[in-house]
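As given, the protein sequences belong to chains Z and S, one line each in that order. Be aware that the first sequence starts at 1, since it is given in this note's numbering, and climbs by one per residue. Be aware that the second sequence starts at 245, since it is given in this note's numbering, and climbs by one per residue. A virtual CB, placed ideally from N, CA and C, is assigned to each residue, including glycine. These figures come from a predicted structure and were not determined experimentally. The structure under discussion appears below in the form of structure tokens.
Protein chains: 2
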Amino acid sequence: MPHRYFTTQVRNGQAWLSPEDGHHFVRVMRGKVGDQLVICDTNAVEYIGTVTAIEGEDVTLSLSEGYPTVAEPGVEVTLFLGYPKQGKLEDEIRHGVELGASRFVPFFSRYCVATPKKEDQKQQRYQKIAQEAAKQCGRGILPQVEVALPDFSALCARLEEEQYDLVLFFYEGGGESLAQVLARHPGLKQIALITGAEGGFSAQEVEQIAPLVTRVGLGPRILRCETAPLAALAAVMTLTGNLE
Amino acid sequence: MPHRYFTTQVRNGQAWLSPEDGHHFVRVMRGKVGDQLVICDTNAVEYIGTVTAIEGEDVTLSLSEGYPTVAEPGVEVTLFLGYPKQGKLEDEIRHGVELGASRFVPFFSRYCVATPKKEDQKQQRYQKIAQEAAKQCGRGILPQVEVALPDFSALCARLEEEQYDLVLFFYEGGGESLAQVLARHPGLKQIALITGAEGGFSAQEVEQIAPLVTRVGLGPRILRCETAPLAALAAVMTLTGNLE
């Protein structure tokens, strides 16, 4: 299988690798003129690219007709993630990209053990992790990781600003059956999923967010905060036919 | 919520904590006569226990009427796990216990990067990890982790020996839709799920196991070996109504 690269530099049947990927192709892969690559334009369109020129680490390709990436799910899922301790957010992002999430928005809330610290810098690292995962699992877009929202009110404000077909709040205290909620909403496109950090949500937070969300449960077993988003995402992808 | 302990020592309306849990209750929790605990008999029956005697670290309780643990899923899932590198198997076990798996059987196969080494000792550590996860997530049984099977033929032999209502082989090359397979098999009780290690399965292995399994896919994205069993298990639990 030819190597696969993302690039936004696609014009008139030609494409150019990013400096980082150019370096990788020329120095690490020892690529040559005439080599074939799969080029993805980050908007879920792919091409077969043939390398036509290499100057230093600048790599130019001529492209086949574009075709849609098969790997993008039919639903666009934003994961709002209660900020967990230690490196768990990185694992949540990796798993989430593979399972098809399009966007990640970490947030702090009352019972978070983690506290905000250099979140701008961390966002860059998280974004890089998402990008690497997207390459490895064959996504057609680069899922975005946003800078963490500083508190629960910021999360609620974001939900009020943005348009989703469905906002699902996965609450440890239980809620409706996900299967039943999804059956009531056929043809969903934009879905938001919200899961908490280690400490869960306070009663006040549950009340504050109630008008903005549909509350659902993930069953009687207590899931750790790093398991909940994966279970939620896998369940949504399964029930919308995007994990088969 | 009262603390929760597993014990197999349940007789005539009384229970005794294991030495390890007795130590925990007496020394760490500083428990006293009269304290209430939730006692689970490891067969999915729970009791409210009242401590009636403490001698050293020996703890005796008198029990309420038993009631069924709510947390056990309606399907008994055995996860056959291609042996992954490094500590990934531990994570797979933790996630798997939370998501409701009953048994874990790691196996080596042709493209495994890991090689068998002191697997008897490792099994003990894995079993302990499963036990801790079961306590934390509120399971009613103690999921079992078996000693790793030494090769793919041993896996096939095991599948021939054991009785399952359905054996699902999650293959990176794709297969039937899980939802359709499960719809064809209502009322399943005993299910086996098989996922591979980093290197996937060889063509020969796929052929060898074919008569013993139903081949299913997990969608067009390439899941890492530590994501695949979680996705598979979450999907099965979702579609059988055990994740709501």
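Scanning the segment 393–430 of chain S for uninterrupted alpha helix (DSSP H) segments of 4 residues or longer gives 396–405 and 422–428, listed from N- to C-terminal end. Taken atom to atom, the span from the alpha-carbon of Thr7(Z) to that of Asp41(Z) is near 5 Å.
The beta carbon of Pro220(Z) falls within 8 Å of a beta carbon belonging to chain S, placing the residue at that interface.
Judged by DSSP in its simplified three-state form, Ile222(Z) adopts coil rather than helix or strand. Here the segment 153–170 of chain Z does not lie against the segment 10–27 of chain Z, with fewer than 3 beta-carbon pairs under 8 Å apart.
The DSSP-derived three-state label of Tyr355(S) is coil. Ala358(S) is positioned such that its CB atom lies closer than 8 Å to that of Lys329(S).
About 4 Å separates the beta carbon of Gly293(S) from that of Ile283(S), a gap short enough to meet the 8 Å contact definition. When the beta-carbon positions are compared, Gln367(S) and Val389(S) come within less than 8 Å of each other. For Arg224(Z), the nearest CB of chain S lies under 8 Å from its own CB, placing it at the interface with that chain.
Taking 8 Å as the CB threshold, Arg103(Z) stays off the interface with chain S.
By the CB criterion at 8 Å, Thr238(Z) and Leu483(S) fall inside the cutoff. Every unbroken stretch of the alpha helix (DSSP H) spanning 4 or more residues and falling wholly within the segment 259–307 of chain S is given here in chain order: 263–267. Within its own chain, the residues whose Cβ lies closer than 7 Å to the Cβ of Leu410(S), once the five positions on either side in sequence are excluded, are His429, Leu432, Ile435 and Thr458, listed in chain order.
Going by DSSP, Gly340(S) is part of the alpha helix (DSSP H) stretching over Lys332 to Glu342. Under a 10 Å Cβ-count criterion, Glu46(Z) is classified as buried, with 16 or more other Cβ atoms of the shown protein chains found around its own Cβ. Between Leu230(Z) and Gln131(Z), the alpha-carbon positions lie close to 18 Å from each other. Residues of the segment 333–357 of chain S with a C-beta less than 8 Å from any C-beta of chain Z: Arg338, His339, Glu342, Leu343 and Gly344, listed in chain order. In this structure, the beta-carbon distance from Glu72(Z) to Gly463(S) does not fall below 8 Å.
Under the 8 Å criterion on CB atoms, Val254(S) is classed as non-interfacial with respect to chain Z.
Rounded to the nearest angstrom, the gap between the Cα atoms of Glu90(Z) and Lys332(S) is 15 Å.
In this structure, the alpha-carbon of Arg338(S) lies about 50 Å from that of Asn12(Z). Sequence-distant partners of Val181(Z) (beyond 5 residues in either direction) whose C-beta falls short of 8 Å from its own C-beta, in its chain, are Leu166, Leu168, Thr214 and Val216. For Thr60(Z), the CB contacts under 8 Å within the same chain, skipping 5 residues up- and downstream, are Gln14, Ala15, Trp16, Val51, Thr52, Ala53 and Ile54 in chain order. When the five nearest sequence neighbours on each side are left out, the beta carbons in the same chain lying within less than 8 Å of the beta carbon of Gly241(Z) are those of Gly74, in order along the chain. Taking a Cβ-Cβ threshold of 8 Å, the residues of chain Z close to Thr482(S) are Leu178, Ala179, Ala234, Ala235, Thr238 and Leu239, in chain order.
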